Amino acid sequence: MAIHFQHVSYQYPSGSYQFYQAINDISLSIPSQGEMIAIVGQTGSGKSTLAQHMNALLFPSSGCVDIFGSTIRQKRDKKISYNHLRKHVGLVFQFPEYQLFEETVQKDIMFGPMNFKISAADAAVLAQKAIVQVGLDETYLKRNPFNLSGGEKKRVSIAGILALDPDILVLDEPTSGLDPKGKSQMMELFTAIQKQTDKTIIIITHDMDLVYRYMDRVIVMHEGRLIRDESPDRLFHRKNLAELHLDYPETISVLAAIKAQFSLDIDIYQKDMDAALVELRRAVGK
Amino acid sequence: MSYIEVKDLSFSYTGKRMILKDISLSIEKGEWVAILGHNGSGKSTLAKAMVGLLEPNQGTIAYDGVVLTNDTAYDIRKKVGIVFQNPDNQFVGVTVRDDIAFGMENLMVPQKQMLEMIDFYSEKVGMKDFLDKEPSTLSGGQKQRVAIAGILAMQTQVIIFDEATSMLDPYARRDLIEYIQKLNQEGITVIMITHDINEAMYANRLVILKDGTIFSDGDKWSLFKQPEIFENSHLELPFSLKLAAALDDSLPEEKAVKDFLWQSISNT
Numbered sequence: 215m216a217i218h219f220q221h222v223s224y225q226y227p228s229g230s231y232q233f234y235q236a237i238n239d240i241s242l243s244i245p246s247q248g249e250m251i252a253i254v255g256q257t258g259s260g261k262s263t264l265a266q267h268m269n270a271l272l273f274p275s276s277g278c279v280d281i282f283g284s285t286i287r288q289k290r291d292k293k294i295s296y297n298h299l300r301k302h303v304g305l306v307f308q309f310p311e312y313q314l315f316e317e318t319v320q321k322d323i324m325f326g327p328m329n330f331k332i333s334a335a336d337a338a339v340l341a342q343k344a345i346v347q348v349g350l351d352e353t354y355l356k357r358n359p360f361n362l363s364g365g366e367k368k369r370v371s372i373a374g375i376l377a378l379d380p381d382i383l384v385l386d387e388p389t390s391g392l393d394p395k396g397k398s399q400m401m402e403l404f405t406a407i408q409k410q411t412d413k414t415i416i417i418i419t420h421d422m423d424l425v426y427r428y429m430d431r432v433i434v435m436h437e438g439r440l441i442r443d444e445s446p447d448r449l450f451h452r453k454n455l456a457e458l459h460l461d462y463p464e465t466i467s468v469l470a471a472i473k474a475q476f477s478l479d480i481d482i483y484q485k486d487m488d489a490a491l492v493e494l495r496r497a498v499g500k
Numbered sequence: 028m029s030y031i032e033v034k035d036l037s038f039s040y041t042g043k044r045m046i047l048k049d050i051s052l053s054i055e056k057g058e059w060v061a062i063l064g065h066n067g068s069g070k071s072t073l074a075k076a077m078v079g080l081l082e083p084n085q086g087t088i089a090y091d092g093v094v095l096t097n098d099t100a101y102d103i104r105k106k107v108g109i110v111f112q113n114p115d116n117q118f119v120g121v122t123v124r125d126d127i128a129f130g131m132e133n134l135m136v137p138q139k140q141m142l143e144m145i146d147f148y149s150e151k152v153g154m155k156d157f158l159d160k161e162p163s164t165l166s167g168g169q170k171q172r173v174a175i176a177g178i179l180a181m182q183t184q185v186i187i188f189d190e191a192t193s194m195l196d197p198y199a200r201r202d203l204i205e206y207i208q209k210l211n212q213e214g215i216t217v218i219m220i221t222h223d224i225n226e227a228m229y230a231n232r233l234v235i236l237k238d239g240t241i242f243s244d245g246d247k248w249s250l251f252k253q254p255e256i257f258e259n260s261h262l263e264l265p266f267s268l269k270l271a272a273a274l275d276d277s278l279p280e281e282k283a284v285k286d287f288l289w290q291s292i293s294n295t
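Sequence lines, in order, name chains A and B. In terms of the working numbering, the first sequence has 395 at position 181, counting the first letter as 1, and numbering is strictly consecutive. In terms of the working numbering, the second sequence has 205 at position 178, counting the first letter as 1, and numbering is strictly consecutive.
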């Protein structure tokens with residue numbers, strides 16, 4: 215396993231950001247290959263805290279995390295550099311403002327690769343490739359990241375991680391602030407990267423439609439605990455999601471309402487519009 | 028003349044690529060208008076221009092007959108406030124109390140009255156117990172409520188929400204929107220900048236921007252009946268309306284489901 219959590223707990227020092235939730239006794243394995251994993255749960259359930267343990271941005275208060283062979287324990291060891299772990303596991307924050315700091319988009323994207331001793335010339339090539347991947351054109355490279363719109367900043371921050379080409383990508387709400395078209399483009403991009411490279415991609419999200427449609431595995435956090443780790447299909451077959459402050463995908467909730475209204479014999483577990491329409495027509499046609 | 032009049036507004040950062048092109052828009056007092064558009068359609072730029080944070084290259088914005096200029100901006104900001112997408116970008120105070128006070132301090136409201144107003148409006152948005160807290164310790168939804176309290180305390184009549192719910196989780200988002208509904212019922216004019224159609228469902232009127240121009244402007248129900256408008260402007264209808272649009276009116280069974288979908292959405 216690429217990342218392995220063993221009984222990991224973390225408490226924030228008292229007096230700091232209270233709305234970030236501590237995590238409690240998390241055990242979890244994440245392979246370096248082959249999975250699209252969603253982490254879901256209401257605000258303050260510990261999702262971001264969990265993610266920040268995946269590349270040693272946070273150190274557990276108890277328990278340990280193995281990341282590509284390095285064991286991360288309670289105390290940060292000043293003699294050890296954890297930098298190489300960030301080449302294995304790349305993390306994109308929810309707010310791109312916390313990540314963008316250079317005067318041009320190009321410099322911003324080149325920063326990560328150059329930090330890992332890639333030459334400026336090669337990093338520039340990577341930046342060029344990454345900016346196109348995230349759906350922007352090369353003219354953006356010369357622009358100041360702070361003059362971009364919210365959606366464009368988001369794309370640039372994702373390009374920065376793609377250029378770094380880590381083994382595992384962890385993205386905190388990569389589609390928030392993107393319009394519907396941008397959202398599906400971004401998810402198609404992650405799916406394509408996953409298919410081409412077989413990397414594991416981990417996404418923190420509140421969007422259950424996206425979870426149902428694109429992800430293989432879903433981890434549910436609730437009050438700092440990991441309470442589910444299963445397939446989206448299995449999760450959305452459960453009846454009590456509202457107790458966890460989770461929504462059902464729109465396809466499921468709308469088809470469920472139709473089923474109840476017309477007493478139809480219909481399979482409500484459809485992932486997209488086309489499949490829902492076919493199933494609905496089959497059910498009403500009978 | 029309407030309470031808000033935007034006339035022939037154009038804007039460009041560089042002088043080359045136009046972000047807004049000849050936008051004209053009239054909004055009445057008490058309306059709830061959603062300004063919808065894809066990323067880069069110019070909707071946030073329009074919001075910033077409407078509160079005087081950006082100066083248009085051409086055109087005018089007027090509130091209650093007064094055109095927004097450097098000289099009138101001070102008075103107009105008492106009429107219109109803006110809540111931003113990332114709540115962290117709008118806090119200036121050390122405590123929630125300082126933050127709500129900030130706008131009033133600029134208006135030189137006497138201290139006694141100011142303290143009363145802080146009490147009143149923090150209570151109104153449900154944040155009175157948090158007055159001594161640092162804004163950074165609040166959740167996203169709480170931060171947005173504090174921002175609203177600060178705006179209301181200035182007796183503002185119009186609030187522009189610039190994707191103000193997009194960083195909140197679905198529950199906090201519904202909560203905030205329900206709160207905005209209450210404000211609108213009390214007479215506050217609400218202008219909501221968004222690309223989320225589920226959010227636009229709460230408005231009465233939709234203004235759809237595409238590539239810096241107004242692509243469509245009208246009553247939401249009449250626009251919802253024309254799915255191609257949303258498709259052509261890179262927006263997405265809620266799943267239930269997309270499904271309704273795909274159903275065949277000529278088949279009685281499908282028509283029944285379609286009517287049911289329309290009815291359920293108009294009840295929400």
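The C-beta atom is built at its ideal place from N, Cα and C for all residues, glycine as well. Being a predicted model, the structure only gives us computed values, none of them experimental.
Query, Result
"With 16 other Cβ atoms within 10 Å as the buried cut-off, status of residue 26 of chain B", "Residue 26 of chain B falls outside the range modelled here, since chain B spans only 28 to 295, and no answer is possible."
"CB contact below 8 Å: residue 289 of chain A versus chain B", "no"
"Cβ pair count under 8 Å reaching 3, the stretch 270 to 283 of chain B against the stretch 227 to 237 of chain B", "no"
"Interface flag, residue 468 of chain A vs chain B, CB-CB below 8 Å", "yes"
"Residue(s) in a DSSP beta bridge with residue 444 of chain A", "A/432"
"7 Å CB neighbourhood of residue 238 of chain A in its chain, flanking five on each side removed", "223, 438 and 439"
"Completely contained alpha helix (DSSP H) runs for the stretch 105 to 161 of chain B, where each covers 4 or more residues", "123 to 133 and 138 to 151"
"Alpha carbon of residue 162 of chain B to alpha carbon of residue 381 of chain A, nearest angstrom", "37 Å"
"Residue range of the beta strand (DSSP E) that includes residue 188 of chain B", "185 to 189"
"Inter-residue Cα distance where the pair is residue 159 of chain B and residue 263 of chain A", "26 Å"
"CB-CB length for residue 110 of chain B against residue 208 of chain B, believed under 8 Å", "With a Cβ gap of about 15 Å, residue 110 of chain B and residue 208 of chain B do not count as contacting."
"Member of B/28, B/67, B/65 and B/66 whose CA lies at the smallest distance from the CA of residue 51 of chain B", "B/28"
"Chain B contact for residue 474 of chain A (CB, 8 Å cutoff)", "no"
"Range of the contiguous alpha helix (DSSP H) that encloses residue 86 of chain B", "That residue, residue 86 of chain B, is in no alpha helix (DSSP H); its beta strand (DSSP E) goes 85 to 90."
"First and last residue of the uninterrupted alpha helix (DSSP H) at residue 200 of chain A", "With chain A covering 215 to 500 only, the question about residue 200 of chain A has no answer from this structure."
"Chain D within 8 Å of residue 471 of chain A, Cβ atoms only", "The displayed structure is made up of protein chains A and B, and chain D is not among them."
"CB contact below 8 Å: residue 464 of chain A versus chain B", "yes"
"Buried or exposed (CB count within 10 angstroms, at least 16 for buried), residue 446 of chain A", "buried"
"Backbone CA spacing between residue 363 of chain A and residue 79 of chain B [nearest angstrom]", "18 Å"
"Cβ of residue 242 of chain B within 8 Å of any chain A Cβ", "no"
"Neighbour flag for residue 575 of chain A against chain B, beta carbons, 8 Å", "Outside the shown range of chain A, which is 215 to 500, sits residue 575 of chain A, and nothing can be said about it."
"Extent of the continuous beta strand (DSSP E) to which residue 206 of chain B belongs", "Residue 206 of chain B -> not in any beta strand (DSSP E); alpha helix (DSSP H) instead, spanning 197 to 212."
"Of the listed residues A/494, A/258 and A/218, nearest to residue 418 of chain A (C-alpha basis)", "A/258"
"Residues sharing a beta bridge with residue 304 of chain A, DSSP", "A/383"
"Contact set between residue 67 of chain B and chain A, taken where Cβ atoms lie within less than 8 Å", "363, 365 and 366"
"N-terminal and C-terminal residue of the beta strand (DSSP E) that residue 245 of chain B is part of", "240 to 246"
"Cut-off 8 Å between Cβ atoms - residues of its own chain near residue 241 of chain B, not counting five sequence neighbours on either side", "50, 51, 52, 234 and 235"
"Residue from A/284, A/278, A/443 and A/360 with nearest C-alpha to residue 116 of chain B", "A/360"
"Residue 308 of chain A and residue 366 of chain A closer than 8 Å at C-beta", "no"
"Closest Cα partner of residue 368 of chain A within the set B/185, B/188 and B/193", "B/193"
"CB contact check: residue 296 of chain B to chain A, cutoff 8 Å", "Within the shown structure, residues of chain B are numbered from 28 to 295, placing residue 296 of chain B beyond reach of any answer."
"Residue burial classification, residue 66 of chain B (beta-carbon count within 10 angstroms, cutoff 16)", "buried"
"Backbone secondary structure at residue 31 of chain B - three-state DSSP", "strand"
"Min CB distance residue 266 of chain A to chain B below 8 Å", "no"
"Any chain A beta carbon closer than 8 Å to residue 284 of chain B", "yes"
"Which listed residue (B/200, B/288, B/32 and B/228) has its alpha carbon closest to that of residue 103 of chain B", "B/32"
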